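For reference, the structure is listed below as structure tokens.
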Amino acid sequence: MDMNLLTQIVFYFFAILTVGSAVVVVFSKNLIHSAFALLFTFFGVSALYVFLGADFLAATQMVIYVGGILVLLIFGVMLTHKISEMNLKSETYQFWPGLVLVTVVFLSLVVVMLKTTWHTPAAPAGLNPTTATIGELFMKEYILPFEIASVFLLIALIGAAMIVRRRSA
Amino acid sequence: MIGLSQFLIISAALFSLGIMAVLTRKNAVNVLMGVELILNSANINLVAFSRFSAGNLHGQMYAIFVIVIAAAEAAVALAIVLSMYRLLKTVNLDKADTLKG
Numbered sequence: 001m002d003m004n005l006l007t008q009i010v011f012y013f014f015a016i017l018t019v020g021s022a023v024v025v026v027f028s029k030n031l032i033h034s035a036f037a038l039l040f041t042f043f044g045v046s047a048l049y050v051f052l053g054a055d056f057l058a059a060t061q062m063v064i065y066v067g068g069i070l071v072l073l074i075f076g077v078m079l080t081h082k083i084s085e086m087n088l089k090s091e092t093y094q095f096w097p098g099l100v101l102v103t104v105v106f107l108s109l110v111v112v113m114l115k116t117t118w119h120t121p122a123a124p125a126g127l128n129p130t131t132a133t134i135g136e137l138f139m140k141e142y143i144l145p146f147e148i149a150s151v152f153l154l155i156a157l158i159g160a161a162m163i164v165r166r167r168s169a
Numbered sequence: 001m002i003g004l005s006q007f008l009i010i011s012a013a014l015f016s017l018g019i020m021a022v023l024t025r026k027n028a029v030n031v032l033m034g035v036e037l038i039l040n041s042a043n044i045n046l047v048a049f050s051r052f053s054a055g056n057l058h059g060q061m062y063a064i065f066v067i068v069i070a071a072a073e074a075a076v077a078l079a080i081v082l083s084m085y086r087l088l089k090t091v092n093l094d095k096a097d098t099l100k101g
């Protein structure tokens with residue numbers, strides 16, 4: 001089989017996986033189903049990063065989103081429902097107006113994106129490893145945002161711990 | 001061949017689905033899932049333009065900072081949801097109307 005065709009088949013597989021499981025996230029009645037569908041969406045986005053030549057970002061996506069944020073969200077689902085009640089239903093509010101609005105937003109976005117002539121200079125470069133370059137950029141050009149991000153994460157950590165702390169009487 | 005427009009369409013679909021979750025869901029955790037979808041769609045756009053248009057890695061750097069913000073946002077938002085559950089015994093966003101006159 002032609003290599004190009006194989007690449008396209010794998011790409012469209014991951015594209016359908018990403019969007020399809022995102023549809024399950026949004027339209028599933030069961031909160032746990034939504035949380036596990038979100039796992040496949042994050043996984044699919046990570047695969048799309050690989051197609052874009054962003055190997056470091058794909059690994060970061062797996063570690064932070066799948067390993068961190070998703071576990072946090074499942075914790076949130078579990079801690080806010082009683083274990084005994086098995087129907088973790090999520091109600092919807094103004095479903096049909098929302099669906100119409102979102103369809104209009106999606107179609108207008110697609111039309112604008114396809115009609116715009118984007119500045120795409122040359123054929124993109126080959127798939128090179130990016131980790132070393134990203135590390136250099138962090139230590140040179142992006143040193144100030146890097147430090148601010150670290151302080152920001154510390155503040156968010158302390159703030160989250162403060163908010164959920166049980167006030168001792 | 002796989003071009004820029006395919007990634008843009010996937011990103012638009014993820015963005016619309018995230019908006020849908022934020023607008024129509026009553027459960028606070030489900031709304032947070034929608035916010036994560038929106039952040040992911042923005043990230044796909046950043047990385048796609050970084051590869052096809054700019055040709056350098058600055059878009060990927062920006063995407064990493066977006067991931068950092070998303071992690072902090074998820075932690076703080078879930079802390080707020082947990083204390084809301086402790087206070088009101090519900091995570092239904094329509095029931096959290098204590099300030100309503």
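For the protein sequence lines, the chains are A and B, in the order given. Going by the numbering used here, 157 is the number at position 157 of the first sequence; the sequence numbering is gapless. Going by the numbering used here, 53 is the number at position 53 of the second sequence; the sequence numbering is gapless. Beta carbons: idealized from backbone N, C-alpha and C, even for Gly. Since the model is a prediction, treat every value here as computed from it, not as a measurement.
Contacting residues, own chain, Cβ-Cβ under 8 Å from residue i (five flanking each side not counted)
| i | result |
| --- | --- |
| Met128(A) | First, the residue type needs correcting, since residue 128(A) is Asn and not Met in the sequence shown. Gly53. |
| Ala15(A) | Gly44, Leu48 |
| Thr116(A) | none |
Contacting residues, own chain, Cβ-Cβ under 6 Å from residue i (five flanking each side not counted)
| i | result |
| --- | --- |
| Ala34(A) | Just to set this straight, residue 34(A) is Ser in the shown sequence, not Ala. Contacts found: Val25, Ser28. |
| Asn45(B) | Ser11 |
| Gly34(B) | Gly18, Ala21, Val22 |
| Phe52(B) | Leu4 |
| Ser50(B) | Gly59, Gln60 |
| Leu8(B) | none |
Closer than 8 Å at the beta carbon, the chain A residues around residue i
| i | result |
| --- | --- |
| Ala21(B) | Val25, Val26 |
| Val81(B) | Gly76, Thr80 |
Proximity winner among the options, relative to residue i (alpha-carbon distances)
| i | options | result |
| --- | --- | --- |
| Ala75(B) | Arg166(A), Trp118(A), Leu154(A) | Leu154(A) |
| Arg86(B) | Pro145(A), Thr133(A), Ile163(A), Glu91(A) | Ile163(A) |
| Ser21(A) | Asp2(A), Ile32(A), Tyr93(A), Phe36(A) | Phe36(A) |
| Thr80(A) | Val35(B), Glu73(B), Asn92(B) | Asn92(B) |
| Leu98(A) | Leu14(B), Leu23(B), Ile10(B) | It is worth fixing the name first, because residue 98(A) is Gly in this sequence and not Leu. It is Leu23(B). |
| Leu17(A) | Tyr62(B), Ile10(B), Phe15(B) | Ile10(B) |
| Ala28(B) | Asn4(A), Gly76(A), Val63(A) | Gly76(A) |
| Ala132(A) | Ser83(B), Leu57(B), Leu88(B) | Leu57(B) |
| Thr120(A) | Ile2(B), Ala54(B), Lys26(B) | Ala54(B) |
| Ala13(B) | Asp2(A), Val105(A), Thr116(A), Ala59(A) | Val105(A) |
| Glu91(A) | Glu141(A), Asn30(A), Asp2(A), Gly159(A) | Asn30(A) |
| Ala160(A) | Val63(A), Leu72(A), Asp55(A) | Leu72(A) |
| Ala48(B) | Tyr142(A), Arg165(A), Met113(A) | Met113(A) |
Contacting residues, own chain, Cβ-Cβ under 7 Å from residue i (five flanking each side not counted)
| i | result |
| --- | --- |
| Gly67(A) | none |
| Leu17(B) | Leu37 |
| Leu39(A) | Val66, Leu70 |
| Ala77(B) | Leu32 |
| Gln61(A) | Phe42, Val45, Ser46, Tyr49 |
| Phe146(A) | Phe138 |
| Leu39(B) | Val66, Ala70 |
| Lys26(B) | Asn92, Leu93, Asp94 |
| Ser41(B) | Ser11, Leu14, Phe15, Gly18 |
| Asn30(B) | Ala21 |
| Ile74(A) | Ala35 |
Contacts of residue i in chain A (Cβ-Cβ under 7 Å)
| i | result |
| --- | --- |
| Thr129(B) | Missing from the structure shown is residue 129(B); chain B here goes from 1 to 101 and no further. |
| Val91(B) | Thr80 |
| Ala42(B) | By Cβ distance, chain A contributes nothing, its closest Cβ being about 11 Å from Ala42(B), past 7 Å. |
| Leu57(B) | Thr130, Thr133, Ile134, Leu137 |
| Val68(B) | Ala149, Leu153 |
Integer Cβ distance of residue i from residue j, believed to fall under 8 Å
| i | j | result |
| --- | --- | --- |
| Gln6(B) | Thr130(A) | Gln6(B) to Thr130(A), Cβ: 21 Å. No contact. |
| Ala63(B) | Leu57(A) | 6 Å |
| Phe152(A) | Ala72(B) | 6 Å |
| Phe11(A) | Phe51(A) | 6 Å |
| Ile2(B) | Gln94(A) | Actually they do not touch by this definition, with Cβ atoms about 37 Å apart. |
| Ala170(A) | Val68(B) | A query on residue 170(A) cannot be resolved here, the shown segment of chain A reaching from 1 to 169 and no further. |
Neighbour list for residue i in chain B, Cβ cutoff strictly below 7 Å
| i | result |
| --- | --- |
| His119(A) | Ser53 |
| Ala156(A) | Ala72, Ala75, Val76 |
| Gly68(A) | Ala71 |
| Ser34(A) | Asn30, Met33 |
| Phe51(A) | Ile2 |
| Phe152(A) | Ala72 |
| Ile64(A) | Ile67, Ala71 |
| Phe43(A) | Per Cβ cutoff of 7 Å: no residues; Phe43(A) is ~11 Å from chain B at best. |
| Phe106(A) | Ala12, Ala13, Ser16 |
Listed by chain order, chain B residues near residue i by CB distance under 9 Å
| i | result |
| --- | --- |
| Val102(A) | Ser16, Leu17, Ile19, Met20, Leu23, Thr24 |
| Ile163(A) | Val76, Ala79, Ile80, Leu82, Ser83 |
| Leu144(A) | In chain order: nothing, as chain B lies at least about 12 Å away. |
| Leu38(A) | Met33, Glu36, Leu37 |
Residue i: contacting residues in chain A (beta-carbon distance under 9 Å)
| i | result |
| --- | --- |
| Asp94(B) | Glu91, Tyr93 |
| Leu102(B) | Lying outside 1 to 101, the shown extent of chain B, residue 102(B) is not represented and no answer is given. |
| Ile38(B) | What Ile38(B) touches in chain A: nothing, since even the nearest Cβ is about 11 Å away. |
| Val47(B) | Leu48, Tyr49, Leu52, Gly53, Ala54, Leu57 |
Partners in chain B for residue i, counting only beta-carbon separations shorter than 8 Å
| i | result |
| --- | --- |
| Gly135(A) | Result: empty, since nearest Cβ-Cβ is about 11 Å, beyond 8 Å. |
| Val71(A) | Those within 8 Å of Val71(A) in chain B number zero; the least Cβ separation is about 10 Å. |
| Leu176(A) | With chain A represented from 1 up to 169, any question about residue 176(A) goes unanswered, as that position is not in the structure. |
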